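K.L.:
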Amino acid sequence: MDEKIGVFICTGYGIAEALDIDALCNVATGEFSVPFCKAVESCEGSGLEAIQDDITKEGLTKVVIAGISPRRYVDGLFPDNVIVEKVGLREHVVWCLPPNDEDTQMMAEDYLRMYITKVQKMHHVEPFQPEQTVDKGILVVGGGIAGMTAALEAAKTGYEVRLVEKADKLGGWLAKQHKSIPTKPPYRDLEDTGIETLMAEVEANPRIHVYTSAITSEIVGAPGLFDVTLVSSGNGKPAGELEGQFRVGAIIQATGWKPKEPRDSLPYGKLENVIRNVELEEMVKEHGRITRPSDGKEVKSIAFIQCGGSKEKEHHSYCSSICCLTSLKQALYLREHDDKSKAYIFYEFMRTPGKYEDFYRRAQEDQGIFLTRGEVAEVTPGNDGRLSIVAQNTMIGKQIQVDVDLVVLAAGMVPNAADGEAIRVLEDAKRTVAEGDSEAKKQEAAETVETLKQHEGSEILNLNYRQGPDLPSLEYGFPDSHFICFPYESRRTGIYPTGATRQPMDGKASREDAGGAALKAIQCVEMTSRGEAVHPRAGDRSYPDFFLQRCTKCKRCTEECPFGVLNEDEQGTPLLQATRCRRCGVCLGACPERIVSFKDYSVEIVGSMIKAVDVPDEFEEKPRILVLACENDAFPALDLVGQHRLQVNAYIRVIPLRCLGSINTVWVTDAMSTGFDGVILLGCKYGDDYQCHFIKGSELAATREKNVREKLEQMAMDLERVELHEIQISDYEKLPKIFEDFAELIEEIGMNPFKGM
Amino acid sequence: MTVEAKPILVIGGGIAGMTAAVEAAEVGYPVILVEKEAFLGGRVMRTHRYFPKMCPPTCGFEINARRIRQNPKITVHTLATVEEILGKAGEFKALVKIKPRYVTGDPPLDGSVAEQLSSERPDALNLGVGTVKALYYPHEMAYPPLHVLDREALSDADAVTLTEVCPSGSIDLDMREEEILVDVGAVIVATGWRPYDANKLDNLGFGQFENVITNVMMERLAAGSGPTGGEILRPSDGKPANNVAFVQCAGSRDENHLPYCSAVCCTATLKQARYVREKYEDSKVTVFYIDIRTIGRLEKFYYDMLDDTNVSFFKGKVAEISEDPDSKDLMLAVEDTIAGEKPGLKFDMVVLATGVVPNTADDKIPFDLTYDEYGFLDGATGIEGVYAAGCATHPCDVSRATKEATAAALKAIQCLNGGGESNG
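Chains as they are written, first to last, in our numbering: chain A, 1 to 757; chain B, 1001 to 1424.
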C-alpha cells in the first residue's frame, strides 16, 4: 500500500500567536518532504470535520495533527485504515513556555519531527484473528451461590455455559443454610435461602451444562480458545476419570470459601459443646432444632463469640464481613424456637453495614438477645455439661461471666483459591533442587521449597500457563482485584474470580458480584472475537509480534509479562497466546534482543522518535532531556501542567509510553548517542499500593532503571543522567520542579560528551 | 449479538453510571449516559483519595474517560436530566432535558476570557465554598472538556464582554433548553447520593461553629484542587488543623436522622485521619465511634492505623459540641465512653462523618419504581427493564458501586436481546 503522510498544524488556541507556523510547516514539507501539510484553525468540531474531509480527499494514510492534547479529542473518529497521531502543541508547548521564544519554537519543531517520524515508522494495525474461531462459551468453576448466579446470568444473556462443581450436587454453602439474612426491606426478617428456585432455574436452563463431581484437570489456551479437561473429583466414582473436554472463551472462578480454623485460645475441638457457626447452621438445617453435641439436650442458651477465627491481628487480620450478621441470624433461630432462651453475642465491633442496621436493631429489640462488647478471656467447662464464659474489657468496665449450653464461634472465611504464582515458584525451586547446577543454588531453592510447601497440591484451575496454574493471589490468599475502580481486574485475561473466593461477602453481594463477573466474561469473549484488547487498553487492536529467529531463549519476557501471556516450549522459546495480551508492551522492555514489536509501538518506533530530535551542539548550551512518561498517569499530569499554565523547562522532550515497564534500555543508548544529556523516567507508584494498571509495570521500570544505569556505566557516562520518579495524575504540580532540578543537575555534571559525535 | 440493539439509558454519570456505560458499550451495546452536572464523575471528582490505597480517583477516572472518549457507542449528555419515562422493557421512551451550557465547543473557546469577567458564582466543585467566574471550567479533569457558563450569574456588562472577545459562535448567550426523546431498551439508575444535611444535627454545631465541618468538605480541604490548595486549614483563622476530632455516625444509625449505617464513613474517616497525619507531623486525631466498621480486607487499614500513637479511638456517641468563643476551639461532650477512658475533649477542628442519603430520597425517577422507606431503590426496582446500581440502591463504596454497575449493565443487556438469542 502506498502511504501518504499528511500534517495538520493548528493555528487556533493561541498557537499561532506563540509559534512560527511557517517554520513548523517547513519542518514537515522541507525536512521531511511530507506531501501534504496544512495550517488549520481548529482541530475540534467543524475544524476536525474539515481535517477528516481532507484526509479522505487527499487519500492520506498517515496523519499528524499538531494542536490540542490527544486527551482533548472527544469524538475524533478516523477510518480504521488511517494512522492518526496527535501532538499537544497547546498543552505541552504553548501553555507552558514563553511565546515567541527560540526554545519554545525548537520544542514545537522537535515534537513535529518526532511525530512525523513516528507515523513514518508505524504500520497499520490488523486485529488479531486466531486461526480457529473464537469460542464464546463460558466456563464457571464452582456451583455455589456465586457460580450458579454467574452461570444463569450468562445463559440468560444468550451464552452457552459449562458449570462445574466438585461436590455431587450444586448448592455449595447456600444449600447448607437454614435461612438467609434479610436481603430486602424492611431488613428485619429471616428469609428462605432461595436455593431450590435457583437450582431449578440452573438445571432447567438449556444453555447451562452442569457437571457435578467434577474438577478441571487442565485448561490450555487463552481467551476465546480455552480447552478445558474435566475429570471426576472422586465423589462416587474413581477420581481422575475423564468427565468432559470442551472449548470455552472465558472462565469465571466461583470456588467459594471454607471456614477458618478458630484461634488456638478458644477450646474448639477440645470441648464438645464449643462449635463453629457453620456447624450450628447445618444442625438447624438438618434437625430443625439446636441440641448439645455432648448429650443431645435441647439448647436453652448460646454464647456467640465473634471474630472466632478471623480478626485477631496475628491470626488473621481481615474481617470476614458476614459473621456478625450470621450470629444475629443464628441468635434468632434460637429465640424463634424458644422465647425463654438466651443468646449472648460477644463482639468487638458489631458490623451490620448499610441497611443491615435494621436487622441489628431488630436483634437489639429482642429481650433475649444480649449484645455485649468485650473480649472473651476464657471458655471453661461448668456444671452439667454447661460452659462458662468470662469476658473482659466490656462497656461496663469489668469482667462478666455467663453460663451457657453451647458456645458458637463465628469462624471466618478462607478463600478456596490457590496462589498460582507461589505454585510456580515452588515448582521452579523443586526443579532447581533436582537439577540445579550449583550447591548454593540448590540450597537456596531448598529453602524456597520449605517456605512454600503449603502450596503443594493446592491447584484448582490447573491452567497451562508458564506463570502458574491458578490466578495469582493478593493479601490473605484472595485472588481479588487490586483496583478500587476496576474490581474485576484479575491478573489473567479472561479469568474472573467472583463471590467469596474473591473477597469475603454475603449472599446478596455474591449474587451481584457474579452478575458483574458474567458481564466481564461475556465482554472478554466479544472483544476477543473482534480482535480487541480488554481493559485497560480496551479496544486496542495491536498485538505483539515475536521475531523468533533471533530469540536467545533468555525467558525474560515469559517471566516478566504481568498477565502470563507467554508460555514456553521445552527449550524456553516464548509461545505467544495473543488473546491473553493486554498490550502494555512490557515484553518490549524485557527483550535484550529487541525482537518484540507491535505494529504501532516498538523499540524502533520510539527509538526513531528519540533520534528525530534536532539536538543543538554543545556550544549552544542548550541541553536536551528525554522524558519517558507513562501514558496513564504522568502524561495526563503533563496536560494538567499546561492547563494550569505552569512553566516547564524548555529542554525537555516527552514521549508517552504504554507502560514504563516497556522501556527498552536501547532507548537510553539512542538518547545518549543522539546527544541527549539525560533521561527522566516517569512511572506510577509501585510497592504494596501500586497504581500501575499493568500490575508490575512501574516495578519493572525500577529494574529497567538499574539496567539503564549499567548501560550508562558501559558508555562511561555519569549515572545521574537517568532519574526515575513516581508520578500520580494529581502530582502534576511536582513536574516543573523535577524538570528544573534535573536541568540544574545536568548543568553541574556537564553536557553529554557524545554530543555532536 | 443483536446488531441494532436499542440503547441503554444510564441515568447518572458518577462512578457507577460511567462504569455501567463503558462496561455495556465494550460488550457492544449502545448507551446514552445522562448526567445532571456539567461534567462526569460526580462525587468521586470531589474525593481526594480512595481508601485503602490512598490513590487519586482521577487515575481511574482518566481510564474511564478514555474508554468513553474512544467508544462511539456511548453518547454523553451533561447538564441533562430525565424528565419522563414511558413504555416497558425493551421499548422505553425517555424525555431528556438538556440545560444550555452556552458554550458550543465549536469554534473552541479560549478559557482565559473568563479572567476578564467580574461575575462570579459559588464553586460547585468545592461544595459552594469560594467562587469561580461565571464562565468556568468545571474541573481540571473535566469530561467533556468544555467550559460552562452560568447565565444567571453573568452580569449584562460581562455578557457584552463575552460577545466582544469570544470567537463568533463559540458562545451562544441565547442557547435554549433542549428536550430530546430517546428510544431505549433498558434503563440503569445510578443517581448516587448526597451527604446528610449536617444542619439538622443541631447538637453538633454545624453551621453555627466555623470549625465544625463535614467529611465531604474535608475531602476538598485535602485536595490540591480544593479551596485551600490541599492545606487542611481551620475555617475560622486559616491555621493548620493540628488537633482534629472525627465524629462518626453524624446522622447515621440514628432513628431521628438516618436509621441505617452509611457503610463508608468509618473507612473514610480513617482515610481522612491519614490526610491530617501525613500533612502535619505532630498532628493529633481522635475518632469517636459506635463500632469501627472496616469490613473485609479494609480491616488492615484500621489495624495499621493503631500503630500510630497520635491517633486515638474512643467508643462513644458525641452528645454535644460547644465552642470557645475566643479561640474558636471546640469542646466535645461524649456519652457512653468506655469506663476509665477520658479523651482530651478540646479540638481545633471537628469533622462530622455525615451519612449517605440517596438522591432519590427527594428526586424520584419519573417512573413508577419501588423505593424503600429511606428512598433507596433496591437492585430490583419493581419494573422489568429498569435496574439500579451504586448508592442509589444502598450506601456503598466505589468498589461495590462499580461491581453493581457492572452487574446492572448485564441485566440491561439481557433486556435488550430478550435473552432469546444465542450468542454462544
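Yeah, the Cβ is synthetic: ideal placement off N, Cα and C, and Gly gets one too.
Keep in mind that this is a model prediction, so the values were computed, not measured.
Run through chain B and tell me which residues come within less than 9 angstroms of A/M527, C-beta to C-beta.
P.N.:
E1026, V1027, G1028
K.L.:
Tell me, please, whether the CB atom of B/Y1280 is closer than 7 angstroms to any CB atom in chain D?
P.N.:
Here the protein chains are A and B, and chain D is not one of them.
K.L.:
Looking at the structure shown, is A/D639 part of a helix, part of a strand, or coil, going by DSSP?
P.N.:
helix
K.L.:
Does the Cβ-Cβ distance between A/Q467 and A/R424 come in under 7 angstroms?
P.N.:
Closer than 7 angstroms, so yes.
K.L.:
With a cut-off of 7 angstroms, does the C-beta of A/E241 fall near any C-beta of chain B?
P.N.:
no
K.L.:
Identify the contact partners of B/H1394 in chain A, using a Cβ-Cβ distance below 7 angstroms as the criterion.
P.N.:
Correct list: G354, K355.
K.L.:
What is the residue span of the alpha helix (DSSP H) that A/I727 lies within?
P.N.:
Note, A/I727: premise wrong, no alpha helix (DSSP H); not H, not E.
K.L.:
Starting from the Cα of A/R556, find the closest Cα among A/I195, A/L588, A/E378, A/D540 and give me that residue.
P.N.:
A/L588
K.L.:
Drop a sphere of 10 angstroms on the beta-carbon of A/D399, count the other beta-carbons inside from all chains shown, and report buried for 16 or more, exposed for fewer.
P.N.:
Before going further, note that residue 399 of chain A is Gln rather than Asp in the sequence given. The residue in question, A/Q399, is exposed, as its Cβ has fewer than 16 Cβ neighbours within 10 Å.
K.L.:
Identify the contact partners of A/M350 in chain B, using a Cβ-Cβ distance below 8 angstroms as the criterion.
P.N.:
Those are D1291, listed as they occur along chain B.
K.L.:
Quick one, are the C-beta atoms of B/L1345 and B/A1198 less than 7 angstroms apart?
P.N.:
Cβ distance not < 7 angstroms, so B/L1345 and B/A1198 don't count as in contact.
K.L.:
Give me, in chain order, the residues of the same chain whose beta-carbon lies closer than 7 angstroms to that of B/Y1102; leave out the 5 immediate sequence neighbours on both sides.
P.N.:
So the list reads L1149, R1151, I1171, D1172, L1173, M1175, once near-sequence residues are dropped.
K.L.:
Give a yes or no on whether the C-beta atoms belonging to B/Y1008 and B/A1024 are separated by under 7 angstroms.
P.N.:
This sequence places Ile at residue 1008 of chain B; Tyr is not what is there. Yes, these two residues count as a Cβ contact at 7 angstroms.
K.L.:
Quick check on the burial criterion: 16 or more other C-beta atoms within 10 angstroms. Buried or exposed for A/G221?
P.N.:
buried
K.L.:
Is the shortest distance between the beta-carbon of B/R1253 and the beta-carbons of chain A less than 7 angstroms?
P.N.:
True, the Cβ-Cβ gap to chain A drops below 7 angstroms.
K.L.:
Which residues in chain B have a C-beta closer than 8 angstroms to the C-beta of A/K696? List them in chain order.
P.N.:
The contacting residues do not exist; A/K696 stays about 15 angstroms from chain B at best.
K.L.:
Within the continuous alpha helix (DSSP H) that includes A/Y333, where are the two ends?
P.N.:
Note, A/Y333: alpha helix (DSSP H), 323-337.
K.L.:
Taking the C-alpha atoms as reference points, what is the distance between B/T1019 and A/D264?
P.N.:
44 angstroms
K.L.:
Looking only at its chain, what residues have a beta carbon closer than 7 angstroms to the beta carbon of B/L1369, apart from the 5 residues adjacent to it on each side?
P.N.:
L1377, T1381, G1382, I1383, V1386
K.L.:
Identify the continuous alpha helix (DSSP H) that holds A/A672 and give its terminal residues.
P.N.:
Just to set this straight, residue 672 of chain A is Met in the shown sequence, not Ala. Looking at the DSSP string, the run of the alpha helix (DSSP H) that includes A/M672 is 666-674.
K.L.:
Rounded to a whole number of angstroms, what is the C-alpha to C-alpha distance between A/V701 and A/L657?
P.N.:
Going by the sequence as given, residue 701 of chain A is Ala instead of Val. Answer to the nearest angstrom: the Cα atoms are 11 angstroms apart.
K.L.:
Identify, in the order they occur along the chain, each residue of the same chain with its Cβ nearer than 7 angstroms to the Cβ of A/G756, setting aside the five sequence neighbours on each side.
P.N.:
Excluding its 5 nearest sequence neighbours in each direction, A/G756 has C-beta neighbours in its own chain below 7 angstroms: D617, E618, G675, listed in chain order.
K.L.:
State the start and end residues of the unbroken beta strand (DSSP E) segment that holds A/F304.
P.N.:
301-305
K.L.:
Does the Cβ of A/K311 have 16 or more other Cβ atoms within 10 Å, making it buried, or fewer, making it exposed?
P.N.:
Because the pLDDT at A/K311 is just 49, under 50, the model does not fix this residue reliably, and the value given afterwards should be weighed accordingly. The residue in question, A/K311, is buried, as its Cβ has 16 or more Cβ neighbours within 10 Å.
K.L.:
Could you check if A/H287 is buried or exposed, using at least 16 other CB atoms within 10 Å of its CB as the buried criterion?
P.N.:
exposed
K.L.:
When you compare only the Cα positions, how much space is there between A/F483 and A/V40?
P.N.:
41 angstroms
K.L.:
Within its chain, find whatever has a CB closer than 6 angstroms to the CB of B/T1002; leave out the 5 residues flanking it on each side and keep chain order.
P.N.:
Residue placement at B/T1002 is poorly supported in this model, since its pLDDT is 44, which falls under 50; the coordinates still yield a value, given next. Residues N1417 of the same chain have their beta carbon placed closer than 6 angstroms to that of B/T1002, with the five preceding and five following residues left out of the count.
K.L.:
Would you call A/D103 buried or exposed, if buried means 16 or more other Cβ atoms sit within 10 Å of its Cβ?
P.N.:
exposed
K.L.:
Looking only at its chain, what residues have a beta carbon closer than 7 angstroms to the beta carbon of A/V449, apart from the 5 residues adjacent to it on each side?
P.N.:
Here the set comprises L426, A429, K430, V433.
K.L.:
Please tell me whether A/I680 has its Cβ less than 7 angstroms away from any Cβ of chain B.
P.N.:
Using beta-carbon distances, A/I680 does not count as an interface residue toward chain B, since no partner is under 7 angstroms.
K.L.:
Short of 6 angstroms in beta carbon distance, which residues of its chain neighbour A/G494, apart from the five on each side in sequence? Order them along the chain.
P.N.:
P223, A250, C524
K.L.:
Buried or exposed for B/I1180, going by 16 or more other Cβ atoms inside 10 Å?
P.N.:
exposed
K.L.:
What would DSSP say about A/P70, mapped onto helix, strand or coil?
P.N.:
helix
K.L.:
Below 8 angstroms between beta carbons is the criterion; list the residues of the region 1291-1323 of chain B that meet it against any residue of chain A, in chain order.
P.N.:
D1291, I1292, R1293, T1294, I1295, G1296, R1297, L1298, E1299, K1300, Y1303, K1315
K.L.:
Reducing DSSP to helix, strand and coil, say where A/Q571 ends up.
P.N.:
coil
K.L.:
Rounded to the nearest angstrom, what separates B/G1185 and B/A1412 at their Cα positions?
P.N.:
8 angstroms
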